[in-house]
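Chemist: Numbering (my numbering), first residue to last: 196 to 695. For each residue, glycine too, the CB sits at the ideal point set by N, CA and C. Note that the structure is predicted; figures quoted are calculated from it, not measured.
1. Helix, strand or coil for residue 398, going by three-state DSSP, please let me know.
2. Is residue 633 near the ligand FAD - that is, is its Cβ less than 7 Å away from at least one heavy atom of it?
3. Identify whether residue 454 lies in helix, strand or coil by the three-state DSSP scheme.
4. Using a Cβ distance threshold of 8 Å, determine whether the region 417-435 contacts the region 235-243, with at least three qualifying pairs required.
5. Using the Cβ count rule (16 or more neighbours within 10 Å means buried), how would you classify residue 340?
6. Among the residues of its own chain, which have a CB less than 8 Å from the CB of residue 370, if the five just before and after it don't count?
7. So, are the CB atoms of residue 418 and residue 467 less than 8 Å apart?
8. Please state whether DSSP places residue 659 in a helix, a strand or coil.
9. Give the secondary structure of residue 604 by DSSP, where H, G and I count as helix, E and B as strand, and everything else as coil.
10. So, residue 696 versus residue 664, is the Cβ gap smaller than 8 Å?
11. Does the region 594-614 come close enough to the region 378-387 that 3 or more CB-CB pairs lie under 8 Å?
12. So within the region 411-447, which uninterrupted beta strand (DSSP E) runs reach at least 3 residues, ignoring any that extend past its ends?
13. Can you tell me whether residue 274 is buried or exposed, with buried defined as 16 or more other CB within 10 angstroms of its CB?
14. Measure the alpha-carbon distance for residue 368 versus residue 352 and round it to whole angstroms.
15. What are the uninterrupted segments assigned as beta strand (DSSP E) that are 3 or more residues long and contained completely in the region 463-524, given in chain order?
16. What residues in its chain sit with their C-beta under 7 Å from that of residue 322, if we drop five residues either side in the sequence?
17. Near residue 541, what residues of its chain come up, given a Cβ to Cβ distance below 6 Å and the 5 sequence neighbours on each side ignored?
18. Can you find the residues in the same chain that come closer than 6 Å, C-beta to C-beta, to residue 452, ignoring five residues on each side of it along the sequence?
19. Which word fits residue 236, buried or exposed, when buried means at least 16 other C-beta atoms lie within 10 angstroms of its C-beta?
20. How is residue 404 classed by DSSP in three states: helix, strand or coil?
21. Mind checking which residues open and close the alpha helix (DSSP H) that includes residue 270?
22. Would you say residue 699 and residue 600 are within 8 Å of each other, going by their C-beta atoms?
23. Where does residue 406 land, buried or exposed, given buried means 16+ other C-beta within 10 angstroms?
24. Near residue 455, which residues of its chain fall below 7 Å by C-beta distance, leaving aside the five closest residues on each side in sequence?
25. If we count the other Cβ atoms within 10 Å of its Cβ and call it buried at 16 or more, is residue 583 buried or exposed?
26. Provide the residue span of the beta strand (DSSP E) that contains residue 219, from first to last.
27. What is the residue span of the alpha helix (DSSP H) that residue 595 lies within?
28. Secondary structure at residue 388, three-state DSSP: helix, strand or coil?
29. Could you tell me whether the Cβ atoms of residue 347 and residue 292 are closer together than 8 Å?
30. Can you tell me where the beta strand (DSSP E) with residue 303 in it begins and where it stops?
31. Classify residue 578 as helix, strand or coil using the three-state DSSP reduction.
32. From residue 228 to residue 356, what does the alpha carbon distance come to, in whole angstroms?
33. Just mark residue 251 as buried or exposed, buried being the case when its beta carbon has 16 or more other beta carbons within 10 Å.
34. Quick test of the definition: if touching needs 3 or more C-beta pairs under 8 Å, does the region 565-578 touch the region 586-602?
35. What would DSSP say about residue 684, mapped onto helix, strand or coil?
36. Can you list, in chain order, the residues of its chain whose CB lies under 6 Å from that of residue 285, leaving out five sequence neighbours each side?
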């Protein structure tokens, strides 16, 4: 959003679309149900929060593969007729927000191809940090790409593999990938899912029953299981490949285990609070974030108000630990769509996306503790503090249930450039002045680790530390920081620096 105008007299605030870490993608897979595509459709509904640009489903009846995908929300892409045509007892689905590649229909997933391995469809959540290098290599050998997404290198690698089976071709391809990926792959007679060795992105495994037969389901979050009546079993393990066919379920490690780097922002913001992610309930983590925040940064206040909806659980935790009453003092309009017809010039200040409105009776004359899950660029926080004051708040104390965000993500989350992250260029006091709050406090990194119970060091905190677990990203960051020209050419310089 470029409009920096203060909130108008009506009290509405426009949310800056660049002032959040944007959603990633969601994947699902169903095997063993005669209405697999319908179940995938419902699962994508539950995963809609992970991406709103496009959606797609591929299904198979064991002989033929059917596909439907397009731009828009799940209910905009699929009609009843579409679902009827997606026949078969197995299906994979994808809902997308672009973290690599342009926003267009060619990048909608799953990617479906016919190749020497037969029919093949791939759905991917994550970001391949060496995707551009692999693509260049494949293009130089004469292959043609149809899209700009990094995901497309996966079917290319599988088609080029000399391994005779889909499973072995996928395993060989995975060993060449770097970065983050949770994959669902559909063949004519099987579904294969896999997760990168560090486990950046989540992928859960569950089961359900249909007419006495076991149905196997996979999804980015367990909230999808709840909707279709499946039971959560466990997670697909980092570095694991799971093959499901009429012969049963086969699980194996395709690569040795290495240090885990599970995305902690799944628990801070991305995942739905009713999901179990990385084996831990998200709601429990977020309430714990709020409790830790109250312990670290107490303040005298009359009410704790969340920035809805993602700040709700942390605000509950803050209220419980501090003893300050919890109040829903901000109401979010959930019916503002992706487009908005501009009104006449006389009321144009209402903006494009009007989503939050204060309840004056709750706010007026009060010392407000305003709890949000993150503060990225600071523009939205500034506006929300402003409408709290316009609504009569005596004091506004801003509390953020995560540490300051100073690093971009390269593992499947769309984030602003480092220069656009306010905490990367301002002190906490300068940010407080920018937002107009009476006080500002973030949760400490140690507090975050304790809240998610990261005893073994299994999470990735790169967005809070700007320290990255994979080499190519470290090299790129070194090149950027030192204003060098080419990451590949300066690989030696980076390694010399690391060696001291």
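Modeler: Per the coordinate set shown:
1. coil
2. For the ligand FAD, the structure offers nothing, since it holds no ligand at all.
3. coil
4. yes
5. exposed
6. 449 and 450
7. yes
8. helix
9. coil
10. With the chain covering only 196 through 695, there is no way to say anything about residue 696.
11. no
12. 426-430 and 435-440
13. exposed
14. 6 Å
15. 498-501
16. 294, 295, 345, 374, 375, 605, 606 and 607
17. Bear in mind that the predicted position of residue 541 carries a pLDDT of just 45, short of 50, making it unreliable; the figure below should be weighed with that in mind. Excluding sequence neighbours, residue 541 sits near nothing in its chain.
18. 434
19. buried
20. strand
21. 269-272
22. No statement about residue 699 is possible, as the shown extent of the chain runs from 196 to 695 and does not include it.
23. exposed
24. 393, 394, 433 and 653
25. buried
26. Element bounds for residue 219: n/a, residue is neither H nor E.
27. Counting along the chain, residue 595 falls outside any alpha helix (DSSP H), though it belongs to the beta strand (DSSP E) covering 590-595.
28. strand
29. no
30. First-last for residue 303: undefined, no H or E at that position.
31. helix
32. 31 Å
33. buried
34. yes
35. Per-residue confidence for residue 684 stands at a pLDDT of 45, beneath the threshold of 50, marking its modelled position as unreliable; the derived number appears in the next sentence. DSSP places residue 684 in coil when its eight states are reduced to three.
36. 226, 231, 255 and 386
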